[in-house]
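*Asks:* Numbering (our numbering), first residue to last: 5 to 105.
1. One question on the structure: do residue 85 and residue 95 come within less than 8 Å of each other, judged by their Cβ atoms?
2. Using the Cα positions of residue 68 and residue 19, report the straight-line distance between them to the nearest angstrom.
3. So, under 8 Å CB-CB, residue 80 and residue 98 are touching, yes? Tell me the CB distance rounded to an integer number of Å.
4. Using DSSP with H/G/I as helix, E/B as strand and the rest coil, what is residue 101?
5. Who does residue 80 pair with in a DSSP beta bridge?
6. Mind checking which residues open and close the alpha helix (DSSP H) that includes residue 9?
So, in structure tokens, the structure goes:
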């Protein structure tokens, strides 16, 4: 009985996520504003600029995400700098070592 409920829950989440992924910035902005009203803080995330572009017009699409930045990622960035510099604007690096970036 519990397995059936879990399967149905994952099916509903799978189908709904495919439709909501198109409006993820709007959903994030709505959730962030409501959380800010509840908690009462002005800025919860450092470097978050969603308030500057409420409709998403000024938002830069970063389609290439690197999780971690070490030798392979450094070589990829160097390749982008040399051969495809326009791709650097689409690059987003997520790493917990700030001194590397």
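Built from N, CA and C at the ideal position, the CB exists for glycine as well.
*Replies:* On the basis of the supplied data:
1. no
2. 25 Å
3. Wrong, their Cβ atoms sit about 14 Å apart, outside the cutoff.
4. coil
5. DSSP lists no partner for residue 80.
6. 6-24
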